[in-house]
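Report on the following structure.
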Amino acid sequence: MTLFFQRRNVKTNFRLILSPFFLCILLALLQTLLNKQFDKASNKCGCICTKTQGEQCLEKQCGVQYSDFDQVGTCPITNPPEWPPLLQTPDPQYRAVRTDFLPYSDFPNPLCRNNGSCPLTMLFTGTNQSFGEVLSGNMIPSTFGINNADVMDSLATNVLGSASETENTNFLEPAFFSDLPIYYLQSQCGKNSTFSIPIQISTTSRQQELRCAQVLRLWRNSSSEVNNELYKGYRKGNTERKINEIVA
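Per my numbering, the sequence shown starts with residue -7, numbered consecutively.
Here is the structure:
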């Protein structure tokens, strides 16, 4: 009876026997696909050839200094660099100004966008306005200092910002590799407030532009007012679909 039953289900038995083979083939194809992806230059740490014989490379030296931004994440990092903290700040053409949907008189005149001189607007609130004014004023320095002997550590003692976007890897801070200026926030910006400094990464050095950004501190009576204005500063937060960004 058992033999008769198995003969009637020969197709089912055949499929059960072949299932592991199909699974192995599928895994082999998947492994081949992954190997091809990982063998791409963008998925390998950058290298240079240090010893050749004809057209054949006998020895390679790999490292962060030979890698581009996409390759850095695949390099072994024994001593990762420390980066100074930065605020997410809007580009000058998107900084908050007085508009129909934000008609407050203390916002900057929209004409400042013509020459890129709009300040960064920060809102603050609390139960004691006088104390809040003092506290928020202490958050934004009036002077900028940097030690050429230790640039990175001295940058961290200032209030910095950048309009760059975050990346998947945090080994290289995008603000220093985006070809955008890094802003140092000040209560007032003087003349000759834009300059460049050398940034040393491993054995590589590059120039980074630093640009002063004036901060306009505005008092609001409640946190709901602050949230409302922040929301309206985003493109989808107002009927005109305009970016009018406030630093948050």
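Cβ atoms here follow ideal geometry from the backbone N, Cα and C, with glycine treated the same way.
Review point. What is the DSSP secondary structure of Gly46, counted as helix, strand or coil?
Key: In the structure shown, Gly46 adopts coil according to DSSP, grouped into three states.
Point to revise | Where Tyr223 falls, given that 16 or more other Cβ within 10 Å makes a residue buried | key: Exposed: under 16 other Cβ atoms inside 10 Å.
Review point. Per the contact definition of three or more C-beta pairs closer than 8 Å, is the segment 60 to 70 in contact with the segment 87 to 98?
Key: Not touching, per the Cβ criterion.
Exercise for review: Give me whichever residues DSSP pairs with Cys41 in a beta bridge.
Suggested key: Looking at the DSSP assignment, Cys41 forms a beta bridge with Lys52.
Practice item. Give the DSSP-derived three-state secondary structure of Ala155 in the structure shown. Key: In this structure, Ala155 counts as coil in the three-state DSSP scheme.
Exercise for review: Closer than 8 Å by C-beta to Leu164: which residues in its own chain qualify, once you throw out the five before and the five after it? Chain order, please.
Suggested key: Taken in chain order, the residues that qualify are Phe61, Val64 and Ile193.
Review point. In terms of residues, what are the limits of the beta strand (DSSP E) holding Phe243?
Key: Outside the displayed span of the chain (-7 to 240) sits residue 243, for which this structure offers no information.
Point to revise | For Gln180, the residue or residues it bridges with in DSSP | key: Gln180 is not bridged to any residue.
Exercise for review: Give the straight-line distance between the Cα atoms of Arg105 and Gly38, rounded to the nearest whole angstrom.
Suggested key: Answer to the nearest angstrom: the Cα atoms are 42 Å apart.
Check your understanding: Closest by CA to Pro133, which one among Asp145, Lys28, Leu208 and Ile238?
Key -> Checked all of Asp145, Lys28, Leu208 and Ile238; the closest Cα to Pro133 is Leu208.
Review point. So, do the segment 72 to 84 and the segment 142 to 156 have three or more beta carbon pairs nearer to each other than 8 Å?
Key: Because the criterion of three Cβ pairs below 8 Å is met, the segment 72 to 84 and the segment 142 to 156 touch.
Check your understanding: Taking DSSP as the reference, what is the three-state secondary structure of Phe30?
Key -> In the structure shown, Phe30 sits in a helix (DSSP, three-state: H, G or I).
Review point. Would you call the segment 195 to 214 and the segment 227 to 237 touching, i.e. three or more CB-CB distances under 8 Å?
Key: The segment 195 to 214, when compared against the segment 227 to 237, does not touch it at the 8 Å Cβ threshold.
Practice item. Sort out for me which residues DSSP pairs Trp75 with in a bridge. Key: Residue pairing for Trp75: DSSP places it in no beta bridge.
Review point. What number of angstroms, rounded off, separates the C-alpha of Leu10 from the C-alpha of Thr4?
Key: Between Leu10 and Thr4, the C-alpha separation is close to 10 Å.
Exercise for review: Use the C-beta contact count for Ala167: other C-beta atoms within 10 angstroms, 16 or more gives buried, fewer gives exposed.
Suggested key: Around the beta-carbon of Ala167, 16 or more other beta-carbon atoms lie within 10 Å, marking it buried.
Exercise for review: Return the first residue and the last residue of the alpha helix (DSSP H) that Val143 is part of.
Suggested key: Residues Val143 to Leu147.
Review point. Given Phe116, which residues of its chain have a CB within under 6 Å of its CB, disregarding the five upstream and five downstream residues?
Key: Sequence-distant partners of Phe116 (beyond 5 residues in either direction) whose C-beta falls short of 6 Å from its own C-beta, in its chain, are Gly124 and Ser128.
Point to revise | Spatial distance of Asp83 from Ser109 (CA atoms) | key: C-alpha separation (whole angstroms): 11 Å.
Point to revise | Other residues of its chain near Gln180: CB distance less than 8 Å, five sequence neighbours each side excluded | key: If you ignore the 5 residues before and after Gln180, its C-beta comes within less than 8 Å of the C-beta of Ser134 and Gln206, all in its own chain and listed in chain order.
**Study point:** Where the alpha helix (DSSP H) containing Phe123 begins and where it ends
**Key:** Run containing Phe123: Gln121 to Met131, per the alpha helix (DSSP H) assignment.
Review point. Skipping 5 residues on each side, what residues in its chain have a beta carbon closer than 6 Å to that of Gln53?
Key: If the five residues before and after Gln53 are omitted, its C-beta is found closer than 6 Å to the C-beta atoms of Ile40 and Thr42, all from its own chain and listed in chain order.
Practice item. Using alpha carbons as the reference points, say which of Val151, Gln199, Asn150 and Gly46 lies closest to Leu172. Key: Closest by alpha carbon: Gln199.
Review point. Under 7 Å between the Cβ atoms of Gly153 and Leu79?
Key: Contact: yes.
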